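I have placed the structure first, in the form of structure tokens, so that the comments after it can refer back to it.
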Amino acid sequence: MSATATAVRTPAPSRGRLVSRSARADHAWDVAVVIAVNAVVTVGLWLRHGGLDTIGHPGGTLIAAGQLTGLVGTYAVLVQLLLMSRIGWLERYVGFDRLAVWHRWTGFASVVLLLGHAVFITLGYAEEGGQSIPTQLGDFVQHYPDVLMSIVGLALFLAIAVTSVRAARSRLSRETWYSVHLYAYLAVALSFAHQLAVGTDFTDDPLARVWWIALYVAVFGTILAWRVMRPIAFNARHRLWIHAVKQEAHGTVSLYIAGTDLDRIDAQPGQFFLWRFLGGTGWAKAHPFSLSAAPNGRHLRITVKDLGDDTRRIQRLQPGTRVFAEGPYGTFTAERRTRRRVALIAGGIGITPLRALVESLPAAPGDVTLLYRAAYKKDLAFRDELGALAERRGIELHALIGPEIGDDRTDQLGIPALRRLVPDIADRDVFVCGPPAMVDAVRRRLAALRVPRDRIHFERFAY
36 MSATATAVRT PAPSRGRLVS RSARADHAWD VAVVIAVNAV VTVGLWLRHG
86 GLDTIGHPGG TLIAAGQLTG LVGTYAVLVQ LLLMSRIGWL ERYVGFDRLA
136 VWHRWTGFAS VVLLLGHAVF ITLGYAEEGG QSIPTQLGDF VQHYPDVLMS
186 IVGLALFLAI AVTSVRAARS RLSRETWYSV HLYAYLAVAL SFAHQLAVGT
236 DFTDDPLARV WWIALYVAVF GTILAWRVMR PIAFNARHRL WIHAVKQEAH
286 GTVSLYIAGT DLDRIDAQPG QFFLWRFLGG TGWAKAHPFS LSAAPNGRHL
336 RITVKDLGDD TRRIQRLQPG TRVFAEGPYG TFTAERRTRR RVALIAGGIG
386 ITPLRALVES LPAAPGDVTL LYRAAYKKDL AFRDELGALA ERRGIELHAL
436 IGPEIGDDRT DQLGIPALRR LVPDIADRDV FVCGPPAMVD AVRRRLAALR
486 VPRDRIHFER FAY
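Counting in this note's numbering, the sequence shown runs from 36 upward without gaps.
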């Protein structure tokens, strides 16, 4: 593979199935309607139990606002958990990217609503009783069941929200960020107890209690099934271990994962698993690595770049090390394609899912263009594999060697470069994978090149 190379093209056997944009939009609307209907039921509960009756009394408007924001905020938390419970069919039906966006904004909305609940209720009861705010807070803690637990739960939600802000998240290791987010389950449990104990919509209405409990059971039952029981069954069936370790490039190695009945694993190129290793980093830490080759029934391959700490230890794992995998996850796959022609843009170790994806993109000559950027030539992974694939599949391949991401005009993945390397990029689906800064810059440039947002498919790599 040269610094900039175009391979000889040979035709591919078929073009594959293209997914219509309207079908995806319909799927998203289906899910949105279900969420909205249940939100309406939640508000209906509040109205049914006299939510508006307090308005006009001292503190009544604030109390009503507090009750409503508490109900809707808690419902938003349940929706948020459900969106990221890794339900395979839901990810494929709606799209992982869309679910991730919904999850993020629902999360921030739920925190704002719950914070509003605490503020409105406190101010409302203080006005109603003619007390100062500190006195009212003390009264809540001393005389209202489970309020102290709800305060702890709110503090946990606020901590999760703060660490989810991009500026804060970039300063945290993935393990720290993941550990903080696990406290969301504790926060939900604390809030649940508080609601049933003092919530006016549930204390005197058995039907409302049953409906609310059913929502919790449905959400946590789904999480238990998809995040706990399914991975246990998966690993009991396939009994994975490291079969071989191979050097791919400077500081980059591939792990070949063997096991039993691997041909029964329903994984697609472009998807990722959460991997736990008996040696090195231990069972407690789960690492998201994409498949770097299409599943072949003999082994699964992941590729790891030495970025320090855990990645260095993973590279030193020996054949025979037991592996626990959870997945496959994600929809960064060929099923997202809506156009015959595709552009693939990789930065650094972001080449791994695209290396696998390129095998599942049926293409005629010129249909697929791959731009692979690396800081140095020695960092290029899969050089021989990509060259052979490009020649055999008729893929136009460009290896771009140069410094890290620059400005929109002079960068090797800048607007002029993208226009020159892929002149018809506005008429293609574009798959982008790499470090967060690179992905964000390329998405901005693609928008400037008039690539529709729903034809830009991306995945940010922290590893």
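Backbone N, C-alpha and C define an ideal beta-carbon position, used for all residues, glycine too. Only a predicted model underlies this, so the values are computations on that prediction, with no experimental measurement involved.
On the criterion of 16 or more Cβ atoms from any shown chain inside 10 Å, does V43 qualify as buried, or is it exposed?
By 1-based counting over the sequence shown, the position of residue 43 is 8. Confidence at V43 is low in this model, with a pLDDT of 32, below 50, so the placement of that residue is unreliable and no value is reported for it.
For Q306 and F269, which I take to be in contact (beta-carbon distance under 8 Å), what is that distance rounded to the nearest angstrom?
In the sequence shown, counting from the first residue as 1, residue 306 sits at position 271. In the sequence shown, counting from the first residue as 1, residue 269 sits at position 234. So it is not a contact: roughly 14 Å between Cβ atoms.
Hey, out of A71, P363, L134, A100, whose CA is closest to W261's CA?
Indexing the sequence shown from 1 puts residue 261 at position 226. For the residues A71, P363, L134, A100, the minimum Cα distance to W261 belongs to P363.
Would the beta-carbon of I380 fall within 9 Å of that of L342?
Here residue 380 is taken as the residue at index 345 of the sequence shown, counted from 1. Here residue 342 is taken as the residue at index 307 of the sequence shown, counted from 1. Their beta carbons are not under 9 Å apart, which means I380 does not touch L342 by this criterion.
Keeping to the same chain, check which residues put their C-beta closer than 7 Å to that of R478; ignore five residues upstream and five downstream.
Here residue 478 is taken as the residue at index 443 of the sequence shown, counted from 1. Only V467, I491, F493 meet the Cβ criterion.
Hey, quick one: how far does the alpha helix (DSSP H) through A111 stretch, first residue to last?
Along the sequence shown, one-based indexing puts residue 111 at 76. From DSSP, the alpha helix (DSSP H) with A111 extends over 95–118.
Going along the chain, which residues of its own chain have a beta-carbon closer than 6 Å to the beta-carbon of G151, five neighbours each way excluded?
In the sequence shown, residue 151 corresponds to position 116, counting from 1. Within the same chain, G151 has close Cβ partners T104.
Please list the terminal residues of the continuous beta strand (DSSP E) segment that includes D132.
The residue given as residue 132 occupies position 97 in the sequence shown. First-last for D132: 131–164, but that is the alpha helix (DSSP H), not the beta strand (DSSP E).
Please report the straight-line C-alpha distance between T373 and V129, rounded to a whole angstrom.
Within the sequence shown, residue 373 is the residue found at index 338, counting from 1. Within the sequence shown, residue 129 is the residue found at index 94, counting from 1. Taking the straight line joining both Cα atoms gives about 15 Å.
Nearest residue (CA-CA) to S325, options T338, W318, A67, N331
The residue labelled residue 325 in the question sits at position 290 within the sequence shown. For S325, the nearest C-alpha among the options comes from T338.
Between A190 and S199, what straight-line distance do the alpha-carbon atoms span, to the nearest angstrom?
Here residue 190 refers to the residue found at position 155 of the sequence shown. Here residue 199 refers to the residue found at position 164 of the sequence shown. So the two alpha carbons sit approximately 14 Å from each other.
Assuming T356 contacts L313 under a Cβ cut-off of 8 Å, what Cβ separation, rounded to an integer in Å, is found between them?
Here residue 356 corresponds to residue number 321 of the sequence shown, with the count starting at 1. Here residue 313 corresponds to residue number 278 of the sequence shown, with the count starting at 1. Going by Cβ atoms, the distance from T356 to L313 rounds to 6 Å, so yes, they are a contact pair.
Nearest CA to the CA of A224: which residue from F359, I430, L116, R463?
One-based indexing of the sequence shown puts residue 224 at position 189. Of F359, I430, L116, R463, the residue nearest in Cα terms is L116.
Counting Cβ pairs closer than 8 Å, one from the region 89–101 and one from the region 154–169, do we hit at least three?
yes
Return the residue from the list M119, V72, E126 that minimises the CA-CA distance to V107.
Your numbering for residue 107 matches position 72 in the sequence shown. Here the closest residue by C-alpha is V72.
Take every Cβ of the region 413–426, pair it with every Cβ of the region 454–465, and state whether three or more of those distances are shorter than 8 Å.
no
Run through the DSSP bridge pairs and tell me what T338 is partnered with.
Residue numbering aside, residue 338 sits at position 303 when the sequence shown is read from its first letter. According to DSSP, T338 bridges with S289.
Tell me where the alpha helix (DSSP H) around Y411 begins and ends.
By 1-based counting over the sequence shown, the position of residue 411 is 376. Here Y411 belongs to no alpha helix (DSSP H), and DSSP marks it neither H nor E.
Which runs of the alpha helix (DSSP H) spanning at least 4 residues fall entirely within the region 318–383, listed in chain order?
345–350
Taking only beta-carbon positions, decide if A194 is within less than 9 Å of chain C.
Given the protein chain composition of this structure (a single chain), no chain C is represented.
Taking Cβ to Cβ, would you say W318 is nearer than 9 Å to A293?
By 1-based counting over the sequence shown, the position of residue 318 is 283. By 1-based counting over the sequence shown, the position of residue 293 is 258. Not closer than 9 Å, so no.
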